[in-house]
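Chains as they are written, first to last, in my numbering: chain A, 55 to 259; chain B, 55 to 259.
Every residue gets a Cβ at the ideal spot worked out from N, C-alpha and C, and that includes glycine.
There are 2 protein chains.
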Amino acid sequence: MNAEKIPNIIITRLPVYLRALQRMADNGLKTTSSQEMGDRVGISAAQIRKDISQFGEFGKQGTGYSIDYLIDKLREILKVDRMWDVIIVGAGDMGHALARYQGFANRGFNVVMIFDNDKNKIGQKIGDFTIEDTANLVERVKAADIKIAMLTLPASVAQGITDKLVEAGVRAILNYAPISLSVPENVKVQHIDPATHLQRMTYYL
Amino acid sequence: MNAEKIPNIIITRLPVYLRALQRMADNGLKTTSSQEMGDRVGISAAQIRKDISQFGEFGKQGTGYSIDYLIDKLREILKVDRMWDVIIVGAGDMGHALARYQGFANRGFNVVMIFDNDKNKIGQKIGDFTIEDTANLVERVKAADIKIAMLTLPASVAQGITDKLVEAGVRAILNYAPISLSVPENVKVQHIDPATHLQRMTYYL
Chain A
55 MNAEKIPNII
65 ITRLPVYLRA
75 LQRMADNGLK
85 TTSSQEMGDR
95 VGISAAQIRK
105 DISQFGEFGK
115 QGTGYSIDYL
125 IDKLREILKV
135 DRMWDVIIVG
145 AGDMGHALAR
155 YQGFANRGFN
165 VVMIFDNDKN
175 KIGQKIGDFT
185 IEDTANLVER
195 VKAADIKIAM
205 LTLPASVAQG
215 ITDKLVEAGV
225 RAILNYAPIS
235 LSVPENVKVQ
245 HIDPATHLQR
255 MTYYL
Chain B
55 MNAEKIPNII
65 ITRLPVYLRA
75 LQRMADNGLK
85 TTSSQEMGDR
95 VGISAAQIRK
105 DISQFGEFGK
115 QGTGYSIDYL
125 IDKLREILKV
135 DRMWDVIIVG
145 AGDMGHALAR
155 YQGFANRGFN
165 VVMIFDNDKN
175 KIGQKIGDFT
185 IEDTANLVER
195 VKAADIKIAM
205 LTLPASVAQG
215 ITDKLVEAGV
225 RAILNYAPIS
235 LSVPENVKVQ
245 HIDPATHLQR
255 MTYYL
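Below you can see the structure in the form of structure tokens.
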């Protein structure tokens, strides 16, 4: 199991499988099949079997997958069998939504700080968080050894802050800004935008 | 070119290619290669060529793809060579963020209404929108023949509103609520959640 040898495209599907499995577990289910998982996530059963088999033999012929076991294994593979501290940069609508989002804790993430450069926002509260000044971003992130950031800034300032995040040691950025960020090779960026998701459905209309 | 014969997994990648191509066009580029696209989106060049070739012969050996031509074709395939009216249900932080999001218009979408069931929110303004009562949802959506909705409600009420959306004729739902929605087979749901995207990066940390 070598991190460099598993195609990125397979890695992108594993969190989708994990989410589906966690929902099944929440509903009290104990075992599942690649067919049932496929129906839930819209990916073929053959593809799911192939993806999962990259990491070893998890299923048994005829009895399918143990949901709890597969959850544990996927969490281990994706390294979310631990908690990651995450920061939010940008305290607009999206930053507020993320700061209040309840779905991080049971997926391996813990929001610990939120930053903005707007003097009117700095010092204000969002729930338990106090909005901090981006001027202190590098120092604060380095001191807390934070590796993951969610970026909810306007396009015009997103690259400048990204450079600071990289300088501070951040290695993974979830980008809500509508631009491509330039980062070194050892930094991962995931772009998240609603239009892309909508376009995955219009094909079928 | 039969809608039923292209695997869903390929369809999910096309909007990612389209977004990358639109950024290249914005930067003044005229042609690209599957290799260059692959570097930008984190998918292998071979996979990109295979995906695109499902729909016909778009590239020329040695000269690559014409960006404008490929954009036109992908927009046509994904049916975003037209404008789709979209509604938002749920006027919380995420609903506000979506109502103000500037990235829909040039991707084929036009937000036209926003609904909530909170008496304190109904009648208030978000930009040019007035928040409407979900009690009028079915009637309003039917009258305007709307097919696409973005759902930013708490998990507890998401299924009930989904049933109303389906009754009103909605066929595509972008779901921000942290639950699996039950819908008829002819209705598409895309789930969007930040934790899934974060988990696509932790593997590499």
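Neighbour list for residue i in chain B, Cβ cutoff strictly below 7 Å
| i | result |
| --- | --- |
| residue 96 (chain A) | 62 |
| residue 259 (chain A) | 133, 201, 225 and 226 |
| residue 77 (chain A) | 234 |
Listed by chain order, chain B residues near residue i by CB distance under 8 Å
| i | result |
| --- | --- |
| residue 253 (chain A) | 68, 69, 72, 132, 134, 161 and 162 |
| residue 248 (chain A) | 152, 155, 157, 158, 204, 228 and 246 |
| residue 101 (chain A) | 63 |
Expected contact under 8 Å - CB spacing of residue i and residue j to nearest Å
| i | j | result |
| --- | --- | --- |
| residue 69 (chain A) | residue 253 (chain B) | 4 Å |
| residue 229 (chain B) | residue 246 (chain B) | 7 Å |
| residue 118 (chain A) | residue 207 (chain A) | With 8 Å as the limit, residue 118 (chain A) and residue 207 (chain A) do not qualify as a contact, their Cβ atoms being about 45 Å apart. |
| residue 186 (chain A) | residue 176 (chain A) | 7 Å |
| residue 169 (chain B) | residue 188 (chain B) | 5 Å |
| residue 121 (chain B) | residue 85 (chain B) | 6 Å |
| residue 133 (chain B) | residue 256 (chain A) | 4 Å |
| residue 92 (chain B) | residue 99 (chain B) | 4 Å |
| residue 73 (chain B) | residue 250 (chain A) | 6 Å |
| residue 77 (chain B) | residue 234 (chain A) | 5 Å |
| residue 155 (chain A) | residue 238 (chain B) | That belief does not hold up - the Cβ atoms of residue 155 (chain A) and residue 238 (chain B) are roughly 29 Å apart, past 8 Å. |
| residue 97 (chain A) | residue 63 (chain B) | 6 Å |
| residue 108 (chain B) | residue 142 (chain B) | Incorrect: roughly 33 Å between the Cβ atoms, too far for contact. |
| residue 219 (chain B) | residue 203 (chain B) | 5 Å |
First and last residue of the uninterrupted beta strand (DSSP E) at residue i
| i | result |
| --- | --- |
| residue 229 (chain B) | 226-229 |
| residue 244 (chain B) | 242-245 |
| residue 164 (chain A) | 163-170 |
| residue 142 (chain A) | 138-143 |
Interface partners of residue i on chain A, CB under 8 Å
| i | result |
| --- | --- |
| residue 147 (chain B) | 147, 148, 150, 151 and 154 |
| residue 232 (chain B) | 156 and 157 |
Start-to-end residues for the alpha helix (DSSP H) that takes in residue i
| i | result |
| --- | --- |
| residue 149 (chain A) | 147-154 |
| residue 133 (chain A) | Per DSSP, residue 133 (chain A) belongs to no alpha helix (DSSP H) and is neither H nor E. |
| residue 175 (chain B) | Per DSSP, residue 175 (chain B) belongs to no alpha helix (DSSP H) and is neither H nor E. |
| residue 62 (chain B) | 62-80 |
| residue 90 (chain A) | 88-95 |
| residue 102 (chain B) | 99-107 |
| residue 249 (chain B) | 248-256 |
Any non-hydrogen atom of the ligand PLP closer than 7 Å to residue i Cβ
| i | result |
| --- | --- |
| residue 160 (chain A) | Because no ligand of any kind appears in the structure shown, any question about the ligand PLP cannot be addressed here. |
Neighbour list for residue i in chain A, Cβ cutoff strictly below 7 Å
| i | result |
| --- | --- |
| residue 242 (chain B) | 255 and 258 |
CB contact check: residue i to chain E, cutoff 8 Å
| i | result |
| --- | --- |
| residue 162 (chain A) | Any reference to chain E falls outside this structure, whose protein chains are A and B. |
Any chance the region 117-135 of chain B sits against the region 205-222 of chain B, with 3 or more Cβ pairs inside 8 Å? no
Count Cβ pairs between the region 162-170 of chain B and the region 134-145 of chain B that sit closer than 8 Å; are there 3 or more? yes
Is the region 214-234 of chain B close to the region 102-119 of chain A, with three or more CB pairs under 8 Å? no
Quick one: which unbroken alpha helix (DSSP H) runs of 4-plus residues sit fully inside the region 179-209 of chain B? Chain order, please. With a minimum length of 4 residues, the unbroken runs of alpha helix (DSSP H) contained wholly in the region 179-209 of chain B fall at 191-198.
Any contact between the region 191-199 of chain A and the region 236-243 of chain A? By contact I mean 3 or more CB pairs, one from each, below 8 Å. No, the region 191-199 of chain A is not in contact with the region 236-243 of chain A.
Validate contact between the region 143-162 of chain B and the region 142-152 of chain A using beta carbons, cut 8 Å, 3 pairs: Touching, yes.
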